[in-house]
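In my numbering, the protein residues as written are 132 to 487.
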């Protein structure tokens, strides 16, 4: 018998949203087993993704409202596509990151569960008289991540597979979106009605290994795709986490909170801070998002911060770290203190612009 999928809890909110509870801390997940890592790297696997919540924006003005709030274009979002987007404070600092797509008449936002309540309340405050409403859909929906050759396992669920990154196909069981590859493995995100997904779990279990959601966090890191979680809220402008490179910022769209700061960061000259991929010794309960980094040449001042961390297949913890680019030219970078564990830097799966 299959274990029911965990989903986020929450309440519907609109213009009169209730005051949310204190920020939800996502629990540190145990290190996946060697078999779980092997399943995604060498074979095929799926994983329930309880670390995400879902917000549905409904109403005639939903797309235009979000268009004026997020860093990407939602007003012209194609029905067969998904887009990354950020939500910034007035100072251009990221409050949340989303994957967004159309689902019928709604715009659907996938967001880290620990920031969902606060972000949903803040967005709702700006709806005013717009014909739009934000609904926490997390209880009704489930999210599944899939990695590897999963076409056969999904053949009875979807009529076709997405043929490119951020391409989406729909079916009675929800939406299937291809997301960036990691370690050469194809990856897909399946979000749909909880009941529709659960009834199809036996079909997945017969063909794919079910693994920990921590593996998905690791794959996102190896894909070089940062996620804004509660420990790093308001720490970064989008370029610091490579959102301009990843297509999460549209510099030709209209205004949104923090837009002037984001645009100035892009066009004023050199971008001095970026996100890099690294590995460090330790466990995920001691290596966490929000930890500061220190460079051997300047041990008194932090040179960066951990954006995301997840247990790595080869040992230690893989990290996405926001860091001063100059510190990568020599010396060593350490976690927590100047004499803390040393980071080993790895190549991102995409190139960064050459700053001039």
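C-beta: ideal position from N, C-alpha, C; glycine also.
Terminal residues of the alpha helix (DSSP H) in which residue i lies
i           : result
residue 256 : 244-256
residue 283 : 282-285
residue 300 : Segment 299-302 is the beta strand (DSSP E) holding residue 300; no alpha helix (DSSP H) there.
residue 395 : 390-398
Which of helix, strand or coil DSSP assigns to residue i
i           : result
residue 475 : strand
residue 353 : helix
residue 220 : coil
residue 426 : strand
residue 236 : coil
residue 196 : helix
residue 345 : helix
residue 152 : Because the pLDDT at residue 152 is just 43, under 50, the model does not fix this residue reliably, and the value given afterwards should be weighed accordingly. Residue state, collapsed to three classes: coil.
residue 335 : helix
residue 173 : helix
residue 431 : strand
residue 456 : helix
residue 379 : coil
residue 483 : coil
residue 362 : helix
residue 166 : helix
residue 326 : helix
residue 127 : Lying before the first or after the last residue shown, residue 127 is absent from the chain, which here runs from 132 to 487.
residue 161 : coil
residue 372 : helix
residue 470 : coil
Beta bridge counterpart(s) of residue i as assigned by DSSP
i           : result
residue 463 : Its beta-bridge partners do not exist; DSSP assigns none.
residue 451 : 408, 439
residue 184 : 242
residue 321 : 275, 307
residue 229 : 216, 242
residue 179 : 275
residue 189 : 264
residue 340 : 176
residue 201 : 218
residue 316 : 313
Where the beta strand (DSSP E) through residue i begins and ends
i           : result
residue 308 : 305-313
residue 275 : 272-278
residue 266 : 264-267
CA nearest to the CA of residue i, picked from the options
i           : options            : result
residue 373 : 345, 404, 174, 189 : 404
residue 467 : 413, 461, 444, 441 : 413
residue 303 : 315, 282, 347, 325 : 325
residue 493 : 390, 430, 447, 355 : With the chain covering only 132 through 487, there is no way to say anything about residue 493.
residue 475 : 185, 278, 449      : 449
residue 461 : 469, 179, 426, 338 : 426
residue 104 : 352, 232, 226      : Outside the shown range of the chain, which is 132 to 487, sits residue 104, and nothing can be said about it.
residue 438 : 428, 452, 199      : 452
residue 352 : 199, 334, 181, 480 : 480
residue 242 : 165, 274, 350      : 274
residue 415 : 367, 435, 441      : 441
residue 310 : 333, 285, 277      : 277
residue 321 : 459, 219, 164, 179 : 179
residue 220 : 430, 419, 177, 390 : 390
residue 407 : 191, 454, 327      : 454
residue 176 : 183, 168, 458      : 168
residue 214 : 224, 223, 197      : 197
residue 267 : 172, 238, 261      : 238
residue 356 : 465, 485, 312      : 312
residue 264 : 299, 285, 190      : 190
residue 283 : 338, 484, 254      : 338
Short CB-CB distance (under 9 Å) between residue i and chain B
i           : result
residue 180 : No chain B is present in this structure, which holds just one protein chain.
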